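No gaps in the numbering here: position 267 of the sequence shown is 267 in UniProt numbering, and each next residue is one more. Since the structure comes first, as structure tokens, the remarks are kept for the end.
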Amino acid sequence: MADTKFHAFDRKDTTYTSDGLSIGVSVFVPKGVENRQTLPILIRWHGGALINGGRIYEPWFPRWVIELAAHHNAIIVAPDYRLLPESSGLDILSDLRSFYSWLHGHLDSFMTTSFLEQTPTPDRSNILITGESAGGYMAVQSTLLGETKGIKAVSAHYPMIDLKDAWYSKPGRKVIWGQPPPSYPDGWLDQQLEAARSAKPITERIPKDGEPDLFVASLLEGRYTEILGSDSRLFPLENLRSLQQRDGTLKFVQEAQGGVKETIIPGAEHGFDNDSVTLDTDWVFEGRKWLKMHWP
1 MADTKFHAFD RKDTTYTSDG LSIGVSVFVP KGVENRQTLP ILIRWHGGAL
51 INGGRIYEPW FPRWVIELAA HHNAIIVAPD YRLLPESSGL DILSDLRSFY
101 SWLHGHLDSF MTTSFLEQTP TPDRSNILIT GESAGGYMAV QSTLLGETKG
151 IKAVSAHYPM IDLKDAWYSK PGRKVIWGQP PPSYPDGWLD QQLEAARSAK
201 PITERIPKDG EPDLFVASLL EGRYTEILGS DSRLFPLENL RSLQQRDGTL
251 KFVQEAQGGV KETIIPGAEH GFDNDSVTLD TDWVFEGRKW LKMHWP
């Protein structure tokens with residue numbers, strides 16, 4: 001793995017089970033750690049609008065997140081999950097819950113059997129959750145839906161939060177990633193959605209340059225919210241409003257409010273944390289000052 005962003009880590013792949021499906025998860029252990037050394041955990045949920053992406057697709061895996069894990073000798077755990085529109089938003093939330101069940105029930109034994117030369121002990125009481133875009137949605141939803149065991153901090157980068165906003169739910173011309181919108185043949189999105197109804201679930205989709213993008217098409221037609229689903233649990237802002245029904249989660253959020261840090265980068269476009277961003281980039285450096293009060 002010398003030519004990859006993960007050159008400082010050893011990687012092993014496994015699966016977790018959700019609704020009877022085996023879904024991939026990769027575990028990265030820093031090279032050179034001592035046997036039985038206890039290490040913090042960094043969970044990274046991938047982005048891609050819940051439609052695209054994959055857990056180890058390197059162009060979308062922020063380099064600074066990998067550097068952060070290496071700096072703290074943290075174990076990276078990177079799960080896949082089912083994607084829209086072949087699966088539903090509720091399917092994705094089911095995967096989220098199933099992943100955390102696997103993390104707390106099976107990660108330790110997987111480490112013991114897979115990393116034979118170096119078997120560090122994952123500290124499941126010392127977890128940072130990260131994610132960008134849709135991964136930020138998954139990171140935030142992890143806590144709002146009660147998966148707070150061992151979570152010390154959440155770092156959500158340009159997360160998808162207000163999914164009932166007109167940006168997602170109303171048609172119109174929209175500037176996406178700083179570019180004018182492409183055009184799609186009439187009925188193209190309907191054809192894709194119809195085909196998805198009978199398709200098998202998928203957990204990775206990497207858009208190719210020049211090919212139509214399901215997410216972009218859904219934005220232009222204002223149908224993303226429709227594709228996601230209508231259940232209130234799919235929407236982080238509605239989950240916030242219903243926290244009083246989940247005392248444990250409410251307590252977690254109330255305690256976290258004293259340590260929330262928001263960083264706004266003027267003029268930055270969605271996906272601004274490209275490979276030029278490092279641990280020493282100003283906004284990352286400032287964010288790390290906050291992070292070290294909570295993790296590791």
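Heads up, the beta-carbon is just placed ideally off N, CA and C, and yes, glycines get one too. All values reported here derive from a predicted model rather than from experimental measurement.
Candidates the options: closest to residue i by CA position
i: Y16; options: A153, S230, R205 and R82; result: R82
i: D275; options: E58, K12, I43 and P40; result: E58
i: G222; options: W60, F28 and Y168; result: Y168
i: G48; options: R36, L103, H157 and D10; result: H157
i: G131; options: F115, S155 and T113; result: S155
i: K261; options: K292, V27 and L144; result: K292
i: P79; options: L107, N73 and P85; result: L107
i: A153; options: W290, L219 and I23; result: W290
i: E34; options: S26, G20, N73 and L189; result: N73
i: P201; options: E226, K5, G24 and F6; result: G24
i: E269; options: I129, D10, P159 and S26; result: P159
i: A166; options: T225, S26, K149 and M111; result: T225
i: L96; options: W295, A70 and T148; result: T148
Exposure of residue i, with buried meaning 16 or more beta-carbon neighbours within 10 Å
i: W177; result: exposed
i: I92; result: buried
i: P171; result: exposed
i: N52; result: buried
i: A217; result: buried
i: Q191; result: exposed
i: F285; result: exposed
i: H46; result: buried
i: A195; result: exposed
i: R173; result: exposed
i: E86; result: buried
i: R55; result: buried
i: G105; result: exposed
i: S109; result: exposed
i: I206; result: exposed
i: V77; result: buried
DSSP-derived helix/strand/coil call for residue i
i: A156; result: strand
i: A78; result: strand
i: P59; result: helix
i: S98; result: helix
i: S133; result: coil
i: Q192; result: helix
i: K31; result: coil
i: G53; result: strand
i: D91; result: helix
i: I23; result: strand
i: T143; result: helix
i: T112; result: helix
i: L237; result: helix
i: M1; result: Annotation note: pLDDT 47 at M1 (below 50); position unreliable, no value reported.
i: L163; result: coil
i: D273; result: coil
i: Y168; result: helix
i: K289; result: helix
i: P201; result: coil
Span separating the alpha-carbon of residue i from that of residue j
i: P122; j: G187; result: 49 Å
i: L237; j: E117; result: 45 Å
i: I151; j: P212; result: 38 Å
i: R124; j: P40; result: 7 Å
i: T263; j: L240; result: 21 Å
i: E204; j: A139; result: 18 Å
i: V29; j: I75; result: 5 Å
i: K12; j: F115; result: 8 Å
i: R288; j: S242; result: 31 Å
i: L103; j: T113; result: 15 Å
i: R36; j: T119; result: 6 Å
i: S101; j: G267; result: 39 Å
i: G271; j: S133; result: 8 Å
i: L144; j: Y137; result: 10 Å
i: L193; j: L84; result: 10 Å
i: F61; j: N126; result: 22 Å
i: G146; j: L228; result: 21 Å
i: L220; j: A8; result: 41 Å
i: L21; j: Q141; result: 21 Å
i: K5; j: W295; result: 23 Å
i: L163; j: L90; result: 14 Å
i: R63; j: Y184; result: 33 Å
i: G32; j: S198; result: 47 Å
i: P180; j: D209; result: 16 Å
i: H71; j: V27; result: 17 Å
i: T38; j: S230; result: 42 Å
Cβ-Cβ separation, residue j to residue i (assumed contact under 8 Å), whole Å
i: L68; j: L214; result: Not confirmed; about 31 Å, so no contact.
i: G135; j: R44; result: 7 Å
i: D19; j: S88; result: The pair is not a contact, with the Cβ atoms about 11 Å apart (cut-off 8 Å).
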